[in-house]
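Chains as they are written, first to last, in the working numbering: chain A, 748 to 959; chain B, 10 to 250.
The beta-carbon is built from N, C-alpha and C at its ideal position, and this holds for glycine as well.
None of these values were measured; they are calculated from a predicted model.
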Amino acid sequence: MFARTLDGEIIILSIILGMSIRHALLALLSEGPKYGLQLRQEFESRTGEVWPLNVGQVYTTLQRLERDGLVESEDAGGAGPQNVFTITPTGSDELKKWLRMPPDVVPPPRDELVIKVLVAMRVPGVDLPELLQAHRRHLVQVMQEYTRLKSEITEGEVEVSLVVDSELFRIEAIVRWLDTTDARLKRLPARTASGAPTSAPRVGRSIAGVRR
Amino acid sequence: MSTAVELRHVSKVYGSGPTEVHALREVDLSVRSGELVAVMGPSGSGKSTLLTIAGTLEEPTSGDVFIAGQQLARLSRHDRARLRRRSIGYVFQNYNLLAGLTAVENVALPLELDGVKAKVARAAAMEVLAKLDLAERAARYPDELSGGESQRVAIARAVVGERRLLLADEPTGALDSLSGETVMRMLRLASNDGVAGVVVTHDAQMASWADRVVFLRDGRMVDQTVPGSGPDSLLTPGANA
Ligand SMILES: Nc1ncnc2c1ncn2[C@@H]1O[C@H](COP(=O)(O)OP(=O)(O)OP(=O)(O)O)[C@@H](O)[C@H]1O
Ligand SMILES: [Mg+2]
Numbered sequence: 748m749f750a751r752t753l754d755g756e757i758i759i760l761s762i763i764l765g766m767s768i769r770h771a772l773l774a775l776l777s778e779g780p781k782y783g784l785q786l787r788q789e790f791e792s793r794t795g796e797v798w799p800l801n802v803g804q805v806y807t808t809l810q811r812l813e814r815d816g817l818v819e820s821e822d823a824g825g826a827g828p829q830n831v832f833t834i835t836p837t838g839s840d841e842l843k844k845w846l847r848m849p850p851d852v853v854p855p856p857r858d859e860l861v862i863k864v865l866v867a868m869r870v871p872g873v874d875l876p877e878l879l880q881a882h883r884r885h886l887v888q889v890m891q892e893y894t895r896l897k898s899e900i901t902e903g904e905v906e907v908s909l910v911v912d913s914e915l916f917r918i919e920a921i922v923r924w925l926d927t928t929d930a931r932l933k934r935l936p937a938r939t940a941s942g943a944p945t946s947a948p949r950v951g952r953s954i955a956g957v958r959r
Numbered sequence: 010m011s012t013a014v015e016l017r018h019v020s021k022v023y024g025s026g027p028t029e030v031h032a033l034r035e036v037d038l039s040v041r042s043g044e045l046v047a048v049m050g051p052s053g054s055g056k057s058t059l060l061t062i063a064g065t066l067e068e069p070t071s072g073d074v075f076i077a078g079q080q081l082a083r084l085s086r087h088d089r090a091r092l093r094r095r096s097i098g099y100v101f102q103n104y105n106l107l108a109g110l111t112a113v114e115n116v117a118l119p120l121e122l123d124g125v126k127a128k129v130a131r132a133a134a135m136e137v138l139a140k141l142d143l144a145e146r147a148a149r150y151p152d153e154l155s156g157g158e159s160q161r162v163a164i165a166r167a168v169v170g171e172r173r174l175l176l177a178d179e180p181t182g183a184l185d186s187l188s189g190e191t192v193m194r195m196l197r198l199a200s201n202d203g204v205a206g207v208v209v210t211h212d213a214q215m216a217s218w219a220d221r222v223v224f225l226r227d228g229r230m231v232d233q234t235v236p237g238s239g240p241d242s243l244l245t246p247g248a249n250a
């Protein structure tokens, strides 16, 4: 998620890793025309030493962008270090379109924690509140770590604050799910000794639903 | 670091017979000066009860409470009242500022009640307000302040003077995330100055500003986070590569 460079700057790996090289290059070129070598260096400095990028990938991607009319270069077709690249109006449009494209909010096909809790409901002898609390403690400890990072962030690093906030809200949502689960289960009539629900088929269906 | 407040085997029972409620059961908790502790737990788990007992506003049914090393049960009523006035600050969800007084008058009030001269109390109040970035709001009345500002004034009132223990019950409950964060930053600031803080909250983000988070359930302290045990991997190069 985060890494500190040697001079202490916090860089955000998640953004760089989560973004295609294609859109990353268009974003770099939206600041103005750049040499191929410059693009490669900026890419590397923004990812730090942490993510060794295959140099060839930058040039191959530039070639494809040029072929698709999203960038232009002085020396058409030569995606070398000394060639100057400029973003085209089509490239700008593509970048803007990508910025506005709704993120994928459909949940991932499986949520590990939901599955664990549903399974735990059927495993005899599991103390569910204690299990939920163990997960809650772990998540809150991770949040404390992120909040400590947030309290160290300087005003110039607003990007880091935004990413930390996003992580905190995401984990907070999981904690709230644990709290709600805890309260819901507490309200249920007592279960049978084995801990198995009396209406097994319903739980079976919901597990299948989660698996998708 | 000295212990600011300690609860030893504290239990609290409300009512009796069939209607009795065990609000707290055998709770042990100690908070050091400079430490900020958050208390989380479901509704009815005893969080507010814990806070009022730690703040000497209520007495435990059994167990002992120590404030700055003094056993409460051994103090006279008079000494207890003075301890409460001088050493403990309270912050509640609904701010509890007096409507007829300005911000600075609200903050100075606890000192004046304790016999400090008006001028001296006012100067101390201004100093705390300035520290909490509220100097420009000093002359305003509570109805001229936003919720976030009101809560910061309430924190100023809770730490003015030589208060060593700050108790807050859902202080961010009525605020949006960023105002809540500002309030938590102020509580952190106070604890960095050596004040011991206990904050009740159901909001994990707010709780994550604390050094330690304790969890209550059915009146029992069932768990707590271990300081500094979170995964350092957040900042380990290559952790996600
Ligand atoms: N003065 C009182 N008389 C009788 N019962 C009380 C009194 N105060 C609290 N209780 C009971 O003690 C238990 C704990 O209450 P408490 O207010 O400490 O919970 P809480 O964790 O603060 O809940 P919430 O999150 O809803 O504020 C509850 O069952 C409550 O009904
Ligand atoms: Mg309460």
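For ligand 1, no non-hydrogen atom lies closer than 6 Å to the CB of threonine 28/B.
For ligand 2, no non-hydrogen atom lies closer than 6 Å to the CB of lysine 21/B. For leucine 915/A, the nearest CB of chain B lies under 7 Å from its own CB, placing it at the interface with that chain. By the Cβ neighbour-count rule, proline 151/B is buried, with 16 or more other Cβ atoms within 10 Å of its own.
Against chain B, the beta carbon of serine 898/A has neighbours under 9 Å at Arg194, Arg197, Trp218, listed in chain order. Counted as a single uninterrupted DSSP element, the stretch harbouring leucine 935/A is not any alpha helix (DSSP H), since DSSP gives it neither H nor E. Closest in alpha carbon position to valine 22/B, among Val46/B, Gly72/B, Gly43/B, Leu38/B, is Gly72/B. At least one CB of chain B lies nearer than 7 Å to the CB of methionine 890/A. Near ligand 2, meaning a beta-carbon closer than 7 Å to one of its heavy atoms, we find Lys56/B, Ser57/B, Asp178/B, Glu179/B, Val209/B. Close partners of threonine 894/A in chain B (Cβ separation under 7 Å): Ser217, Trp218. For a Cβ distance threshold of 7 Å, residue set Phe224, Val231, Asp232 of chain B lies close to glutamine 880/A, ordered along the chain. DSSP lists no beta-bridge partner residue for serine 898/A.
Secondary structure note for histidine 87/B: its alpha helix (DSSP H) is the uninterrupted segment 86-96. Between the beta-carbon of methionine 195/B and that of arginine 161/B there is about 6 Å, and that keeps the pair under the 8 Å contact cut.
With distances taken between CA atoms, leucine 66/B lies nearest to Arg91/B out of Glu44/B, Ser52/B, Arg91/B, Met49/B. Secondary structure at tyrosine 782/A: strand, using DSSP grouped into helix, strand and coil.
If you check the CB distance, isoleucine 862/A and leucine 886/A do not come in under 7 Å. Counting along the chain, methionine 135/B sits inside the alpha helix (DSSP H) bounded by residues 127-140.
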